[in-house]
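Peer 1: Quick one: the structure is below, questions incoming.
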Amino acid sequence: MTDNGWQAEELDLDGYLTRLGVPAGPAPDRATLDALHEAHVRTFTFDNIDVLLDQHPGVGMEALNAKFVERGRGGYCFEHASVFAAALERLGYDVRRHLGRVGDPATGTVQGRTHMTVEVALDGERLLCDPGFGMSLVRPVPLADGAESDQRGWPYRVVGNADGTWGLLRLREAGWELTHTTDELPVRPVDVVIGHHYTSTFPSSHFRSGLMVTKHEEGRHVSLTATTVTVRRPGEPTEHRELEDGELAGWLRALAVPLTDDEEQRLLARLA
Numbered sequence: 099m100t101d102n103g104w105q106a107e108e109l110d111l112d113g114y115l116t117r118l119g120v121p122a123g124p125a126p127d128r129a130t131l132d133a134l135h136e137a138h139v140r141t142f143t144f145d146n147i148d149v150l151l152d153q154h155p156g157v158g159m160e161a162l163n164a165k166f167v168e169r170g171r172g173g174y175c176f177e178h179a180s181v182f183a184a185a186l187e188r189l190g191y192d193v194r195r196h197l198g199r200v201g202d203p204a205t206g207t208v209q210g211r212t213h214m215t216v217e218v219a220l221d222g223e224r225l226l227c228d229p230g231f232g233m234s235l236v237r238p239v240p241l242a243d244g245a246e247s248d249q250r251g252w253p254y255r256v257v258g259n260a261d262g263t264w265g266l267l268r269l270r271e272a273g274w275e276l277t278h279t280t281d282e283l284p285v286r287p288v289d290v291v292i293g294h295h296y297t298s299t300f301p302s303s304h305f306r307s308g309l310m311v312t313k314h315e316e317g318r319h320v321s322l323t324a325t326t327v328t329v330r331r332p333g334e335p336t337e338h339r340e341l342e343d344g345e346l347a348g349w350l351r352a353l354a355v356p357l358t359d360d361e362e363q364r365l366l367a368r369l370a
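370 is the number that this note's numbering gives the last residue of the sequence shown; the numbers go up by one with no jumps.
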């Protein structure tokens, strides 16, 4: 255990970098940070499969090693951000962890502090990393009011709020949409454990009620539910349609979700 309790030294860093296809021992600079972030969101799915299967191993680094590094599985924000932050710390980056709220208070959709992001301070700049969101950033964005970033064709904007929080907006067909709001309160490992316990067990948590699998692929982003598939390509209309009977299993394989035969069968049975 490190003094701060995050267990970063327990991450199999070489195995993680191999999984991402990044050479060992990269320099802790901006180019490496960008490459790591993009490789992470293209390698691991954002999904709630283990929550639906009632087999979630928790957010300790030993469990995350087994799930992400050894199996190549994905997960949701608490897992993605924990793994990514640990890797960055091991590589020598100055890292802070943040919690935030998904949704827009103006539309009544805001949720509790159940999203987790990572901040890197580098060369006098604060950078927001968000590897564990349904429509994740491809690369870090400056954590500065009004900062805009083109994410492989998807525009994002950061806004500073009067209460000291930071909003991340994504440009959609209807205009700018607030995705989530990150605050500056200190985060401890126990906060992540508590947040994960709520999102994975509380009966009305949306992670308990339906399948969510998303992944960045070259030139497109795919979102999968139990009954629909949505494909987004930069600058093109969003494709959204109902799945045909038996099509879900094919999409899980197409997105390279490494499920065992037993897990796939139990998942399909749960969703049926």
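Every residue, glycine too, gets a C-beta built ideally from N, C-alpha and C.
These figures come from a predicted structure and were not determined experimentally.
1) Just the Cα atoms here: how many angstroms apart are E160 and L109?
2) Apart from the five residues just before and just after L115, which ones in its own chain have a Cβ nearer than 8 Å to its Cβ?
3) Give the C-beta separation of F142 and H178 to the nearest angstrom, bearing in mind that I take them to be a contact with Cβ-Cβ under 8 Å.
4) Say whether the region 145-156 touches the region 250-259, bearing in mind that this needs 3 or more beta-carbon pairs closer than 8 Å, one atom from each stretch.
5) In angstroms with no decimal places, state the Cα-to-Cα distance between F182 and V216.
6) Identify the continuous alpha helix (DSSP H) that holds S302 and give its terminal residues.
7) With DSSP as the reference, label G251 as helix, strand or coil.
8) How would you call A106, buried or exposed, if buried means at least 16 neighbouring beta carbons within 10 angstroms?
9) Is the distance from the Cβ of V327 to the Cβ of L341 below 9 Å?
10) Pull the bridge partners of T264 from the DSSP assignment, please.
11) Quick one: grab the DSSP three-state call for L346.
12) Among the residues of its own chain, which have a CB less than 7 Å from the CB of T100, if the five just before and after it don't count?
13) Go ahead and pull the three-state DSSP assignment for E108.
14) Would you mind stating whether V355 and D145 have Cβ atoms separated by less than 9 Å?
15) Run the CB neighbour count on H314, radius 10 Å, all protein chains shown included, and call it buried at 16 or more, exposed below.
16) For H338, count neighbouring Cβ atoms within 10 angstroms of its own Cβ and tell me buried if that reaches 16, exposed if not.
17) Return the CA-CA distance between A324 and S303, expressed in angstroms with no decimal places.
18) If you draw a straight line from the alpha carbon of G293 to that of F231, how long is it in whole angstroms?
19) Return the chain-ordered list of same chain residues with a C-beta closer than 7 Å to the C-beta of G172, the five sequence neighbours on each side being excluded.
20) Does the distance from the CB of L235 to the CB of L269 come in under 9 Å?
21) Over the uninterrupted beta strand (DSSP E) stretch that includes S180, give me the two end residues.
22) Can you tell me whether DSSP reads S321 as helix, strand or coil?
Peer 2: So, from the listed chains and residues:
1) Answer to the nearest angstrom: the Cα atoms are 7 Å apart.
2) Taking L115 as the centre and dropping the five residues before and after it, the same chain places the C-beta of P121, A122, P124 and A185 closer than 8 Å to its C-beta, in chain order.
3) Between H178 and F142 the Cβ distance is about 7 Å, and since that is below 8 Å, they are a contact.
4) Judged by Cβ distances under 8 Å, the region 145-156 makes no contact with the region 250-259, as fewer than three pairs qualify.
5) Rounded to the nearest angstrom, the two C-alpha atoms are 8 Å apart.
6) Here S302 belongs to no alpha helix (DSSP H), and DSSP marks it neither H nor E.
7) In this structure, G251 counts as coil in the three-state DSSP scheme.
8) Label assigned to A106: buried.
9) The beta carbons of V327 and L341 sit closer together than 9 Å.
10) In the sequence as presented, Thr is not what sits at residue 264; that position holds Trp. Answer is G258 and T280.
11) In the structure shown, L346 sits in a helix (DSSP, three-state: H, G or I).
12) Note that T100 scores 45 on pLDDT, short of 50, meaning its location in the model is unreliable and no value can be drawn from it.
13) In the structure shown, E108 falls within a helical segment according to DSSP collapsed to helix, strand and coil.
14) Their beta carbons are under 9 Å apart, which means V355 touches D145 by this criterion.
15) That one is buried.
16) Exposed is the label assigned to H338, since fewer than 16 other Cβ atoms lie within 10 Å of its Cβ.
17) About 17 Å.
18) When rounded, the distance between both Cα atoms is 15 Å.
19) For G172, the CB contacts under 7 Å within the same chain, skipping 5 residues up- and downstream, are F142, T143, F144 and D145 in chain order.
20) One thing to note: L235 has its Cβ no nearer than 9 Å to the Cβ of L269.
21) Where S180 is concerned, there is no enclosing beta strand (DSSP E), although the alpha helix (DSSP H) it sits in stretches over C175 to L189.
22) Annotated three-state conformation of S321 is strand, per DSSP.
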